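See below for the structure under consideration.
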Amino acid sequence: MALALTAFAITACQVPGDTTTTTTDPATTEEPAARYPDTDPDALNVQVGDLTGNLEDYIGQTVSVRGDVAEAVGQNALVIRGDGLFGGDDVVVFNATGEPILLSEAGATERIQVTGQVREVVLGDLVREYGLTLDEATYGDYENNPAIIAESVALAPELGDISDNPAAFYDQLIAIDGEVSTLYDATTFTISDAGFFGGADVLVVGEPQAMANLRDDEQVVITGVLRPFNAAQIEQEFGLTWDENLRQTILSDYGEESVLIAEQVFPLGR
């Protein structure tokens, strides 16, 4: 993994607390599907409040945490904030992905999922170990606070965000969580929101090995790329063997919707 850090790039929306907005020309934007490395399947899924309330329990561990982007901190870090349900202070994230972190167009979501090692911030140590440029004036306030050294970052919209504005997430790596609603076969299922955020079911398609041993009603986290649903294209791309009844069912229910092309599926609670 490259350790050289790049500036955070904000696409068509502004991070709270920052005074500049950078827009990206679609004509010059590279294919983003491979922007970030794979999420670590062994990472602990925790809340922002867990890190700030019990930092000593996580030092040196790789965790995966979701939060809203609160502000950018210089060119090499940002601050994520919990959703208010679980408490805890903000957590600073240092970008060690080697790529810019792009937020969604038109501010459709400022929620991201970050995977990386938990560290207590000692600026000198981070400079030596990761080759970061961290000046005291910008980053000194975070000394001795919990931090995540981000190895993987993805947009983390709610299912309702996708239902409301799917185009804002097309061709971007995203991470969503929910409940397996309908398990059609080894390559195809739908995910629903079992909580109170709403949103229609989302169709998920991927390689069988990414979905091995999934169960109905199981809570999962999925990383993948959202795109408009095109049955013929997907069938050819993945060599799907939908029978005619299943094909017609999927076309009827999702023919005008989006599909999440899953790269990884992580069952929770096993």
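Numbering-wise, my numbering comes out as the position in the sequence shown, counting from 1, plus 10.
We put the beta carbon where it would ideally sit given N, CA and C, even for glycine.
All figures in this text were calculated on a predicted structure; none of them were measured in a lab.
| request: Could you check how far apart the C-beta atoms of Gly-234 and Ile-201 are, in whole angstroms? I think they sit under 8 Å. | output: Numbered from its first residue, the sequence shown carries residue 234 at position 224. Numbered from its first residue, the sequence shown carries residue 201 at position 191. Gly-234 to Ile-201, Cβ: 11 Å. No contact.
| Where Arg-237 sits in the DSSP three-state scheme | In the sequence shown, the residue the question calls residue 237 occupies position 227. It is a strand residue.
| field | Burial state of Ile-260 (16 or more Cβ within 10 Å) | value | On the sequence shown, position 250 is the one that residue 260 refers to. Ile-260 comes out buried.
| request: Give the DSSP-derived three-state secondary structure of Leu-142 in the structure shown. | output: Counted from its first residue, the sequence shown places residue 142 at position 132. It is coil, neither helix nor strand.
| query | So what does DSSP say about Asp-171, is it helix, strand or coil? | reply | To locate residue 171, count along the sequence shown from 1; it is residue 161. Residue state, collapsed to three classes: helix.
| Test item: CB-CB of Gly-77 and Ile-90 under 8 Å | Mapped onto the sequence shown, residue 77 falls at position 67. Mapped onto the sequence shown, residue 90 falls at position 80. Contact flag set, yes.
| message | What does the alpha-carbon distance come out to for the pair Tyr-140 and Asn-86? | response | Counted from its first residue, the sequence shown places residue 140 at position 130. Counted from its first residue, the sequence shown places residue 86 at position 76. Their backbone Cα atoms lie some 12 Å apart in a straight line.
| Start and end of the beta strand (DSSP E) containing Asn-105? | By 1-based counting over the sequence shown, the position of residue 105 is 95. Unbroken beta strand (DSSP E) run through Asn-105: 101-105.
| task | Under 6 Å Cβ to Cβ from Thr-39, same chain only, skipping five residues before and after it: list those, please. | result | Working through the sequence shown from its first residue, we reach residue 39 at position 29. Interpretation of Thr-39 is limited by its pLDDT of 37, a score under 50 that renders its predicted location unreliable; the figure taken from the coordinates is listed afterwards. Nothing listed; no residue qualifies.
| query | What is the DSSP secondary structure of Pro-110, counted as helix, strand or coil? | reply | Your numbering for residue 110 matches position 100 in the sequence shown. In the structure shown, Pro-110 sits in coil (DSSP, three-state: anything other than H, G, I, E or B).
| Straight-line gap, Thr-107 to Ala-160 (C-alpha atoms, nearest Å) | For this step, residue 107 is matched to residue 97 along the sequence shown. For this step, residue 160 is matched to residue 150 along the sequence shown. Between Thr-107 and Ala-160, the C-alpha separation is close to 6 Å.
| query | Where Ala-210 and Glu-189 are concerned, what is the direct C-alpha to C-alpha distance, given to the nearest angstrom? | reply | In the sequence shown, the residue the question calls residue 210 occupies position 200. In the sequence shown, the residue the question calls residue 189 occupies position 179. Between Ala-210 and Glu-189, the C-alpha separation is close to 12 Å.
| task | Name the one or two DSSP bridge partners that Tyr-180 has. | result | The residue you call residue 180 lines up with position 170 of the sequence shown. DSSP output for Tyr-180 lists Leu-236 as bridge partner(s).
| message | One question on the structure: do Gln-123 and Gly-92 come within less than 8 Å of each other, judged by their Cβ atoms? | response | Indexing the sequence shown from 1 puts residue 123 at position 113. Indexing the sequence shown from 1 puts residue 92 at position 82. No.
| Burial state of Asp-48, where buried means 16 or more other Cβ atoms lie within 10 Å | If you number the sequence shown from 1, residue 48 lands on position 38. Bear in mind that the predicted position of Asp-48 carries a pLDDT of just 49, short of 50, making it too unreliable to give a figure here.
| task | Please go through the same chain and pick out, in chain order, the residues whose beta-carbon is closer than 7 Å to the beta-carbon of Ala-196, but skip the five residues on each side of it. | result | Within the sequence shown, numbered from 1, the residue matching residue 196 stands at position 186. If we look at Ala-196 and ignore the five residues flanking it on each side, its Cβ neighbours are Pro-218 and Met-221.
| Just the Cα atoms here: how many angstroms apart are Ala-80 and Asn-223? | Indexing the sequence shown from 1 puts residue 80 at position 70. Indexing the sequence shown from 1 puts residue 223 at position 213. Using only the alpha carbons, I get a separation of about 37 Å.
| What does a CB cutoff of less than 8 Å around Pro-277 pick up in its chain, not counting 5 residues either side in sequence? | Here residue 277 corresponds to residue number 267 of the sequence shown, with the count starting at 1. Closer than 8 Å at Cβ, skipping near neighbours: Asn-223, Leu-224, Arg-225, Glu-228, Gln-229 and Val-230.
| Best match in Asn-175, Leu-270 and Glu-153 for proximity to Ile-232 [C-alpha to C-alpha] | Taking the first residue of the sequence shown as position 1, residue 232 is located at position 222. Checking every option, the nearest Cα to that of Ile-232 belongs to Leu-270.
| task | State the beta-bridge partners of Val-231 as determined by DSSP. | result | In the sequence shown, residue 231 corresponds to position 221, counting from 1. Paired residue(s): Asp-187 and Phe-276.
| message | Contact defined as beta carbons within less than 8 Å: I believe Arg-102 pairs with Asn-155. What is the distance between those atoms, to the nearest angstrom? | response | Sequence index remark: in the sequence shown, residue 102 carries index 92 (1-based). Sequence index remark: in the sequence shown, residue 155 carries index 145 (1-based). Before going further, note that residue 102 is Val rather than Arg in the sequence given. Confirmed, Cβ separation roughly 6 Å.
| task | Classify Pro-238 as buried or exposed, calling it buried when 16 or more other Cβ atoms lie within 10 Å of its own Cβ. | result | Mapped onto the sequence shown, residue 238 falls at position 228. When all chains shown are included, Pro-238 counts as exposed.
| Rounded separation between Asn-105 and Ala-157 - CA only | Within the sequence shown, numbered from 1, the residue matching residue 105 stands at position 95. Within the sequence shown, numbered from 1, the residue matching residue 157 stands at position 147. One C-alpha to the other measures close to 11 Å.
| message | Just to confirm, is the Cβ distance from Val-163 to Val-128 under 8 Å? | response | Counting from one through the sequence shown, the residue named residue 163 turns up at place 153. Counting from one through the sequence shown, the residue named residue 128 turns up at place 118. Cβ atoms of Val-163 and Val-128: not closer than 8 Å.
| request: Would you mind reading off the limits of the beta strand (DSSP E) that contains Arg-257? | output: By one-based count along the sequence shown, residue 257 stands at place 247. No beta strand (DSSP E) holds Arg-257; the alpha helix (DSSP H) holding it covers 254-264.
| said: DSSP three-state label for Glu-161, please. | reply: On the sequence shown, residue 161 is found 151 positions in, with the first residue counted as 1. In this structure, Glu-161 counts as strand in the three-state DSSP scheme.
| task | Could you have a look at Asp-78 and say whether DSSP puts it in helix, strand or coil? | result | The count along the sequence shown starts at 1 and reaches residue 78 at position 68. Here Asp-78 sits in strand by DSSP.
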